[in-house]
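Q: Pasting a structure here, questions to come.
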Amino acid sequence: MTKHIGIYPGTFDPITSGHLDIIERGQKLFDEMVVAVAESEKKNPLFSVIERVKMIKEATKKYKNIKVESFSGLLIDYMHRKKANVILRGLRVISDFEYEFQMALTNRNLDPNIETVFMMTKADYAYMSSRFLKEIARLGGDVRGFVPPNVAKKLIKLFKVKSFK
Ligand code: ADP
Numbered sequence: 030m031t032k033h034i035g036i037y038p039g040t041f042d043p044i045t046s047g048h049l050d051i052i053e054r055g056q057k058l059f060d061e062m063v064v065a066v067a068e069s070e071k072k073n074p075l076f077s078v079i080e081r082v083k084m085i086k087e088a089t090k091k092y093k094n095i096k097v098e099s100f101s102g103l104l105i106d107y108m109h110r111k112k113a114n115v116i117l118r119g120l121r122v123i124s125d126f127e128y129e130f131q132m133a134l135t136n137r138n139l140d141p142n143i144e145t146v147f148m149m150t151k152a153d154y155a156y157m158s159s160r161f162l163k164e165i166a167r168l169g170g171d172v173r174g175f176v177p178p179n180v181a182k183k184l185i186k187l188f189k190v191k192s193f194k
């Protein structure tokens with residue numbers, strides 16, 4: 030029987046509770062799910078791809094069917110290497126839609142056999158993004174509600190936030 034492999038690609042700079050929720054719910058849909066961390070050098074990430082992979086591995090170690098890997102280059106080429114045909118993406122507020130729609134159609138154009146599947150965010154995480162949480166951490170705010178504990182620790186250390194209320 031063919032193994033159904035789903036790929037959840039993203040920059041994950043760093044992984045948030047919103048991403049984690051998509052991973053948690055998404056892994057139930059596949060035999061194996063790969064969280065594929067894009068190098069995304071153009072986005073000038075705060076964390077190196079090695080650090081991002083490590084943080085996701087720590088946060089997802091309880092799931093037996095999840096792999097975490099990095100990739101560079103075209104997602105479609107990576108999908109071929111993995112013999113996977115489903116891309117999983119999360120959708121938050123309406124502003125995600127245009128970009129995701131464009132990307133899904135582009136990927137379909139590159140390979141019509143690859144489907145993009147979208148999962149709606151949990152309402153609690155609808156406005157959560159890596160970009161905002163980095164801003165909160167940079168300004169000394171408490172990020173513990175937005176990220177897994179291992180990531181909160183890392184952000185606290187990085188931005189030298191001394192203490193939280
Ligand atoms: P990108 O891949 O565009 O660089 P991210 O790494 O932030 O962006 O996100 C990867 C995927 O996770 C995207 O599909 C994004 O829409 C989704 N995502 C990000 N944050 C959330 C959230 N809070 N709830 C649901 N999905 C999310």
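Mapped onto my numbering, the consecutive letters of the sequence shown carry residue numbers 30 to 194.
Beta carbons are placed, not taken as given, at the ideal position from N, Cα and C, and that holds for glycine.
Computed from a predicted model, the values in this text were never measured in an experiment.
Cutting at 7 Å between CB atoms, please list the residues of its own chain near P38, excluding the five before and the five after it.
A: Excluding positions up to five away in sequence, the list reads A65, A67, L104 and I116.
Q: Please report the distance separating the alpha-carbon of K71 from that of S101.
A: Taking the straight line from one Cα to the other gives about 12 Å.
Q: Looking only at DSSP bridge pairs, what is S158 linked to?
A: Paired residue(s): none; S158 is not in a bridge.
Q: Is the beta carbon of S46 closer than 8 Å to that of M157?
A: In contact: M157 and S46 (Cβ atoms closer than 8 Å).
Q: Among the candidates I95, R137 and L184, whose CA atom is the shortest distance from the CA of K57?
A: Of the listed residues, the one whose Cα sits closest to K57 is I95.
Q: Label D153 either buried or exposed according to how many other C-beta atoms from any shown protein chain fall within 10 Å of its C-beta, with 16 as the threshold for buried.
A: So D153 ends up on the exposed side.
Q: For ligand 1, is there any heavy atom lying closer than 7 Å to the beta carbon of S159?
A: Yes.
Q: With a threshold of 7 Å (Cβ to nearest heavy atom), would S124 be considered close to ligand 1?
A: Flag unset: Cβ of S124 not near ligand 1.
Q: Are the segment 79–90 and the segment 177–185 in contact at 8 Å, needing three or more beta carbon pairs?
A: Cβ pair count under 8 Å is three or more, so yes.
Q: For Y128, write down the residues that DSSP places opposite it in a beta bridge.
A: Answer by DSSP bridge pairing: none, since Y128 is not bridged.
Q: Distance, Cα to Cα, F41 vs L184?
A: Using only the alpha carbons, I get a separation of about 14 Å.
Q: Could you give the residue range of the alpha helix (DSSP H) that holds A88?
A: That run of the alpha helix (DSSP H) goes V78 to A88.
Q: The beta strand (DSSP E) with M62 in it runs from where to where?
A: That run of the beta strand (DSSP E) goes E61 to A67.
Q: V63 and I34 look like a contact to me (Cβ under 8 Å); what is the Cβ gap, rounded to whole Å?
A: Confirmed, about 7 Å.
Q: Going by beta carbon distance, what residues of the same chain come within less than 7 Å of K32, once the five residues before and after it are set aside?
A: Answer for K32: D60 and E61, listed in chain order.
Q: Are there any heavy atoms of ligand 1 lying less than 7 Å away from the beta-carbon of H48, as far as the coordinates show?
A: For ligand 1, at least one heavy atom lies less than 7 Å from the Cβ of H48.
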